[in-house]
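Structure first, then comments.
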Amino acid sequence: MTAHPPSEPSVAGTPVRFTATATRTRRARLGRLETPHGTIDTPQFMPVGTQATVKALTPGDLRAAGAQVILGNTYHLALRPTAEVIARLGGLHRFMSWDGPILTDSGGFQVFSLAHLRRIDDDGVTFASHLDGSEQRLTPERAIEIQELLGSDIAMTFDQPVDPALPHAEVQTAMERTHRWAARCMAAHRRVDQALFGIVQGGTDAALRRRSVAAIAELPVDGIAVGGLSVGESKAAMAATLDVVADALGDDPRVRYLMGVGSPLDFFIAVERGIDLFDCVLPTRVARNGQLWTSEGRLNLRNARFVEDPGPIDPDCACEACRNHSRAYVAHLFRADELLAYRLASVHNVTYTLALMANIRSALADGSFDALREVVAARYQRPEAPDKPLLTQR
RNA sequence: GGGUAGGUUGAGCAGGUGGUGAGCUCCGCUGACUGUAGAUCAGCCGUCUUCGACUGUGGGGGUUCGAUUCCCUCCCUGCCCA
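According to the numbering used here, the stretch in the first sequence is residues 25 to 418, in order.
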């Protein structure tokens, strides 16, 4: 077995540095986040690469799409191939051949999404592995240890997101547990070449969100993440919650990351409320299911109307799929269950999403944010049940 | 020509030995998807006036209160024999 060289030279003592300037657009900011593996322009979107791969895409594809930073996952990588194996192979960057910045999620979201496969206690969470049922224990300390072994540029604290529709007491209990776990993550964190972000919870309850911001912002974390949104609540509730968080954060200079968002219009809602970073599976997941995001709106390439459509997926896009292939061709690949369909669709959607973020940054720079939003809304606005769950005021 | 096994909703099948065949899998048509148990899932997929109704088991005829089932006949397909 070949001996692998040690992991990338770490930039000791330089985890991340965030500089941002206010814009003329409400609370929106333009910024730069410097990490050991490169600089991130904000607002920025992070494609999700849960299992050390953004599904269907190579690192080269990601680079061509304009990706500056990607996300990996503690829970999945700890199960397979294990954090220790990745560490012995030189860390996550080397393992997956992505030399740009990586943010790792802590496994907190799996506490939510694998609700039927886990048991929570105050010390941590015990999962029955979704792969083989074997027991997997995640505590704040272990979540940090795994992320340090992976060697991501940014680690996340271990949290407990909940459905905001749960009874107030349950949302509060999870939030308070999240705060205690954040402090333990902080205490356990050792790597000086890795940043650590804290996560605000509290559902859509204004008072709880304020308390959560206070508790998390008090910690010397390198960034503030907003968790527990985009899990079924209305757009209005998400926006209202982001307003509460922005008010509570005030002029806190740290980078702000909205976890798990979003769709094209979600970016506008969040950016104008001061969010700098996003991640979401949506662009890549819907791509694999045939939905393409374009300047004409959402297209489902499996629809009959595309069978003989000779045009590009998006006439305004310069990605590999749009430069070289017709809608008819990609539609055929989907119908034939050809693997290339997933790559081309993912290449396009990631390119589209990252180009949208770049356009948002330009628009913030020249004051045309609202005009850009109009253009996107004209294609992406969809009816929503009016005033479902309201923001709780207590 | 003889024998034999078959002919069920686009395809492939299940079922049904006189008492209401619309069941499955593909294909097809839509929709959903937000820190990835998801190249997944859901609905529809004979016709109509669609919370229901009607029609439909190769064609025709017969027996019967009633036939997918029993009888006659014809057509078509596979295989075996000549």
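Glycine is no exception: its CB is placed at the ideal position from the N, C-alpha and C atoms.
Can you tell me which of the three DSSP states residue i falls into?
i      : result
Ala206 : helix
Met283 : coil
Asp65  : strand
Arg406 : coil
Asn324 : strand
Ile126 : strand
Val400 : helix
Asp303 : strand
Asp411 : With a pLDDT of only 44 at Asp411, under 50, the local geometry of the prediction cannot be trusted, and no value is derived from it.
Leu388 : helix
Thr318 : strand
Ala260 : helix
Ser34  : Low confidence applies here, because Ser34 scores a pLDDT of 39, under 50, leaving its location unreliable; read the following figure in that light. DSSP places Ser34 in coil when its eight states are reduced to three.
Arg166 : helix
His28  : The pLDDT assigned to His28 is 38, lower than 50, so where the model puts this residue is not dependable, and the model offers no usable value.
Thr265 : helix
Pro288 : helix
Val295 : helix
Val255 : coil
Asp394 : helix
Asp275 : coil
Arg50  : coil
Asn313 : coil
List the DSSP bridge partners of residue i.
i      : result
Glu159 : Ala152
Val1   : Because residue 1 is not part of the residues shown, which for the chain are 25 to 418, the question remains open.
Asp145 : Its beta-bridge partners do not exist; DSSP assigns none.
Phe42  : Leu57
Gln134 : None; Gln134 has no bridge partner.
Leu243 : Note: Leu243 sits in no beta bridge, so no partner.
Check whether the Cβ atoms of residue i and residue j lie closer than 8 angstroms to each other.
i      : j      : result
Gly222 : Val255 : no
Ile240 : Ala206 : yes
Leu449 : Ile110 : This structure does not reach residue 449, given that the chain is present from 25 up to 418, and the question cannot be answered.
Pro60  : Met120 : no
Ser130 : Phe182 : yes
Arg56  : Thr47  : no
Arg234 : Val268 : yes
Val224 : Val216 : no
Ala2   : Thr375 : Look at the range of the chain in this structure, 25 to 418, and you will see that residue 2 is not part of it.
Ile126 : Gln92  : no
Leu72  : Asp271 : Looking at the sequence itself, residue 72 is Val, so the reference to Leu does not match. No, the Cβ-Cβ distance between Val72 and Asp271 is not below 8 angstroms.
Pro39  : Ala219 : yes
Asn373 : Leu316 : yes
Ser350 : Pro339 : no
Thr66  : Leu301 : yes
Gly62  : Gly124 : yes
Ser228 : Ala193 : First, the amino acid is wrong: residue 228 is Thr here, not Ser. No, these two residues do not count as a Cβ contact at 8 angstroms.
Ala212 : Pro164 : yes
> Which runs of the alpha helix (DSSP H) fall wholly inside the segment 171-227 and span at least 4 residues, in chain order?
Replying inline: 192-212
>> Which runs of the alpha helix (DSSP H) at least 4 residues long sit entirely within the segment 69-123? Give them in chain order.
In response: 83-89, 98-103, 107-112 and 116-120
> If we count Cβ pairs, one from each stretch, closer than 8 angstroms, do we get three or more for the segment 368-386 versus the segment 308-315?
Replying inline: yes
>> For the structure I just gave you, are there three or more beta carbon pairs, one from the segment 47-55 and one from the segment 371-388, closer than 8 angstroms?
In response: yes
>> For a minimum of 4 consecutive residues, which ranges assigned as the alpha helix (DSSP H) are wholly contained in the segment 328-359?
In response: 344-348 and 351-359
>> With a threshold of 8 angstroms, are at least 3 pairs of Cβ atoms found where one atom belongs to the segment 293-312 and the other to the segment 326-334?
In response: no
> Would you say the segment 162-170 touches the segment 204-218, given that touching needs at least three Cβ pairs under 8 angstroms?
Replying inline: yes
> Pairing CB atoms from the segment 123-143 with CB atoms from the segment 85-104, are three or more of them under 8 angstroms?
Replying inline: yes
>> For the pair the segment 145-161 and the segment 73-93, tell me if three or more CB-CB distances fall below 8 angstroms.
In response: no
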